[in-house]
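Undergrad: Here's a structure for you.
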Amino acid sequence: MSYNVLSDSYCGKDFTHGRYDYLSTAHLDISYRCQVVYKEIVETYGCPGVLCLQECDEKVYTSYYSRLFSEQYCHNGGSNSIADLSTDLSAMKLTPCTVDSNKNQYCAHYTNKKGSAKEGCAMFIRPDKDSIGNVVAFIDVDLSQVAKHYPVLQELYRLRADIHDILVNKVGTIAQLGVCVRQESIQHDGDDTNSNATSAAGVNSASVEYVNDYTIISNTHLFFHPAAEYVRVLHMTLLFEVTKQLTTILKDGTFSSLYNTDTEATFMNGCRIHWCCDPNIYNTPPASAPR
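Numbered by numbering that gives the first Met the number 0, the letters in the sequence shown go through residues 0 to 290 in order.
Structure (structure tokens):
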């Protein structure tokens with residue numbers, strides 16, 4: 000699920016200039032709106048497996064969304080109960096989700112956009128061994144840095160210095176990537192051509208191969224200006240390039256070599272990896288695997 004939740008910084012009179020005059024004052028109040036958003040996500044969509052938010056305020060993510068989703072709490076009220084909730088989280092009436100908690104626990108990550116605005120993208124992923132598997136890492140993508148170093152754009156910058164200034168210095172678009180892995184077991188029937196599948200007694204036996212199935216989830220909020228379509232196209236091109244390079248290192252098995260418990264790793268300019276676990280654990284069969 001993807002949801003632009005409207006940053007509080009864009010709801011003031013100095014910014015909106017009548018843009019949201021059709022909304023009630025209550026819906027422009029972030030303390031009310033974030034609760035309505037959460038209620039809709041949980042009650043209408045039933046805690047989706049992947050939730051990507053845009054224009055998410057840093058303060059709302061820290062004090063509200065991350066706490067509720069990460070701590071497996073859902074609001075347990077009726078259709079008219081939102082207005083009764085206190086804006087003070089410590090006073091909110093929260094009860095554990097009635098759904099199986101193993102299916103309702105999220106890994107969460109927030110990335111603030113570049114510049115002075117305290118808003119950005121938030122990603123919540125619910126690990127599921129039967130679909131996307133476990134979350135290995137979140138990656139922050141600074142598209143201005145990717146644009147600065149992207150070889151294909153250098154000739155364009157030489158001809159149009161203004162485009163370089165816009166992409167590198169003025170537009171603070173960021174993106175997030177979530178890397179998930181599910182370890183699959185593939186059963187191979189024994190045959191005479193596979194010596195590893197033949198027992199000491201000379202009888203063919205089955206062998207099990209373990210394969211890592213990766214899923215990459217992306218989240219971004221493109222530049223809004225109606226006349227900046229070329230900026231959005233270039234940013235999407237750069238995001239696809241980052242994803243392609245990430246796919247390559249996942250396929251060749253070098254992703255786990257980037258893991259370092261002391262530092263945040265990078266695999267190209269503008270990309271920072273935030274590890275959720277040691278990816279090397281997926282380079283070996285699970286402990287319960289048959290030997």
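Note that the Cβ used here is the ideal one computed from N, Cα and C, for glycine as well.
If you're wondering where the values come from, they're calculated on a predicted model, not measured in any experiment.
1. What does the alpha-carbon distance come out to for the pair Val145 and Ser206?
2. Report the three-state DSSP secondary structure of Cys120 (helix, strand or coil).
3. Considering only the alpha carbon of each residue, which of Ser62, Gly252, Ala264 lies closest to Gln34?
4. DSSP three-state label for Leu93, please.
5. CA-CA distance, Pro47 and Arg125?
6. Please state whether the Cβ-Cβ distance between Ala136 and Phe123 is less than 8 Å.
7. Tell me where the beta strand (DSSP E) around Asn1 begins and ends.
8. Only counting runs of 3 or more residues, tell me where the beta strand (DSSP E) segments fall wholly within the stretch 121 to 191, in order along the chain.
9. Beta carbon of Lys250, beta carbon of Gly171: below 8 Å?
10. Based on Cα-Cα distance, which residue from Ile215, Ala227, Gly45 lies nearest to Val241?
11. Between Glu54 and Glu118, how many whole angstroms is the CB-CB distance? I'm expecting something under 8 Å.
12. Whose C-beta lies closer than 8 Å to the C-beta of Val180 among residues of the same chain, with five residues either side of it excluded?
13. On a CA-only basis, which of Gly269, Asp161, Leu245, Leu5 is nearest Tyr229? Give me that one, please.
14. Select from His234, Ser130, Met0 the residue whose C-alpha is nearest the C-alpha of Leu152.
15. Could you say which of Leu155, Asn259, Asp141, Phe68 lies nearest to Met267 if we only look at CA atoms?
16. CA-CA distance, Tyr60 and His163?
17. Could you give the first and the last residue of the continuous alpha helix (DSSP H) run that contains Gln244?
18. Output yes or no for whether 8 Å exceeds the beta carbon distance between Val4 and Leu52.
19. Taking buried to mean at least 16 other C-beta atoms within 10 Å of its own C-beta, is Ser6 buried or exposed?
20. Measuring alpha carbon to alpha carbon, tell me which residue in Cys270, Leu257, Asn259, Ile29 is nearest Cys10.
21. Would you check if the distance between the CB atom of Ser217 and the CB atom of Ala174 is smaller than 8 Å?
22. Roughly how far, in whole angstroms, is the beta-carbon of Tyr64 from the beta-carbon of Ala25, given that I think they are within contact range, below 8 Å?
23. Of the residues Gly45, Tyr109, Asp20, which one's Cα is nearest the Cα of Lys58?
24. According to DSSP, is Tyr37 helix, strand or coil?
25. Is Thr43 near the ligand FMN, in the sense that its beta carbon is under 7 Å from a heavy atom of that ligand?
26. For the beta strand (DSSP E) that Leu52 lies in, which residues bound it at each end?
27. So, are the CB atoms of Tyr149 and Leu237 less than 8 Å apart?
28. Compute the distance between the beta-carbons of Thr248 and Ile138, then report whether it is under 8 Å.
TA: In this structure, then:
1. Reading the sequence shown from its first residue, position 146 is the one you call residue 145. Reading the sequence shown from its first residue, position 207 is the one you call residue 206. So the alpha carbons of these two residues sit roughly 44 Å apart.
2. In the sequence shown, residue 120 corresponds to position 121, counting from 1. Of the three classes helix, strand and coil, the one that applies to Cys120 here is strand, per DSSP.
3. What you label residue 34 is simply residue 35 of the sequence shown in a count that begins at 1. Of Ser62, Gly252, Ala264, the residue nearest in Cα terms is Ser62.
4. Within the sequence shown, the letter at position 94 stands for residue 93. With a pLDDT of only 35 at Leu93, under 50, the local geometry of the prediction cannot be trusted, and no value is derived from it.
5. Along the sequence shown, read from residue 1 onward, the residue named residue 47 stands at position 48. Along the sequence shown, read from residue 1 onward, the residue named residue 125 stands at position 126. Taking the straight line from one Cα to the other gives about 8 Å.
6. For the purposes of this step, residue 136 is taken as the residue at position 137 of the sequence shown. For the purposes of this step, residue 123 is taken as the residue at position 124 of the sequence shown. Phe123 is positioned such that its CB atom lies no closer than 8 Å to that of Ala136.
7. Taking the sequence shown and counting its residues from 1, the one referred to as residue 1 is at position 2. With the sequence shown as reference, residue 1 is identified as Ser, and Asn is not the correct amino acid for it. Looking at the DSSP string, the run of the beta strand (DSSP E) that includes Ser1 is 1 to 3.
8. With a minimum length of 3 residues, the continuous beta strand (DSSP E) runs that stay inside the stretch 121 to 191 are 133 to 141, 173 to 187.
9. Taking the first residue of the sequence shown as position 1, residue 250 is located at position 251. Taking the first residue of the sequence shown as position 1, residue 171 is located at position 172. The answer is no: Cβ separation not under 8 Å.
10. Residue 241 sits at position 242 when you count from the first residue of the sequence shown. It is Ile215 whose Cα lies nearest to the Cα of Val241.
11. The sequence position of residue 54 within the sequence shown is 55, counting from 1. The sequence position of residue 118 within the sequence shown is 119, counting from 1. Sure, about 5 Å apart at Cβ, within 8 Å.
12. By one-based count along the sequence shown, residue 180 stands at place 181. Same-chain partners within the cutoff: Gly132, Asn133, Val135, Asn211, Asp212, Tyr213, Thr214, Pro278, Tyr281.
13. Stepping through the sequence shown from its first residue, residue 229 is reached at position 230. Here the closest residue by C-alpha is Asp161.
14. The residue you call residue 152 lines up with position 153 of the sequence shown. If we check each option's Cα against that of Leu152, His234 comes out closest.
15. One-based indexing of the sequence shown puts residue 267 at position 268. Considering only alpha carbons, the answer is Asp141.
16. Residue numbering aside, residue 60 sits at position 61 when the sequence shown is read from its first letter. Residue numbering aside, residue 163 sits at position 164 when the sequence shown is read from its first letter. Taking the straight line from one Cα to the other gives about 32 Å.
17. For this step, residue 244 is matched to residue 245 along the sequence shown. First-last of the alpha helix (DSSP H) with Gln244: 228 to 250.
18. Along the sequence shown, read from residue 1 onward, the residue named residue 4 stands at position 5. Along the sequence shown, read from residue 1 onward, the residue named residue 52 stands at position 53. In contact: Val4 and Leu52 (Cβ atoms closer than 8 Å).
19. The residue labelled residue 6 in the question sits at position 7 within the sequence shown. Ser6 comes out buried.
20. Position 11 of the sequence shown, counted from the first residue, corresponds to residue 10. Ranking the options by Cα distance to Cys10, first place goes to Ile29.
21. One-based indexing of the sequence shown puts residue 217 at position 218. One-based indexing of the sequence shown puts residue 174 at position 175. Cβ distance < 8 Å, so Ser217 and Ala174 count as in contact.
22. Numbered from its first residue, the sequence shown carries residue 64 at position 65. Numbered from its first residue, the sequence shown carries residue 25 at position 26. Their Cβ separation, rounded to whole angstroms, is 19 Å, which puts Tyr64 and Ala25 out of contact at 8 Å.
23. Translated into the one-based positions of the sequence shown, residue 58 becomes position 59. The residue with the shortest Cα to Cα distance from Lys58 is Tyr109.
24. Here the question's residue 37 lines up with position 38 in the sequence shown. Three-state result, Tyr37: helix.
25. What this structure holds is no ligand at all, so the ligand FMN is not there to describe.
26. As a working mapping, residue 52 is identified with position 53 in the sequence shown. Unbroken beta strand (DSSP E) run through Leu52: 49 to 56.
27. Numbered from 1 along the sequence shown, position 150 holds the residue referred to as residue 149. Numbered from 1 along the sequence shown, position 238 holds the residue referred to as residue 237. Taking 8 Å as the Cβ cut-off, Tyr149 and Leu237 qualify as a contacting pair.
28. Mapped onto the sequence shown, residue 248 falls at position 249. Mapped onto the sequence shown, residue 138 falls at position 139. Residue 248 is actually Ile in this sequence, not Thr. Against a cut-off of 8 Å, the Cβ pair of Ile138 and Ile248 comes out as no contact.
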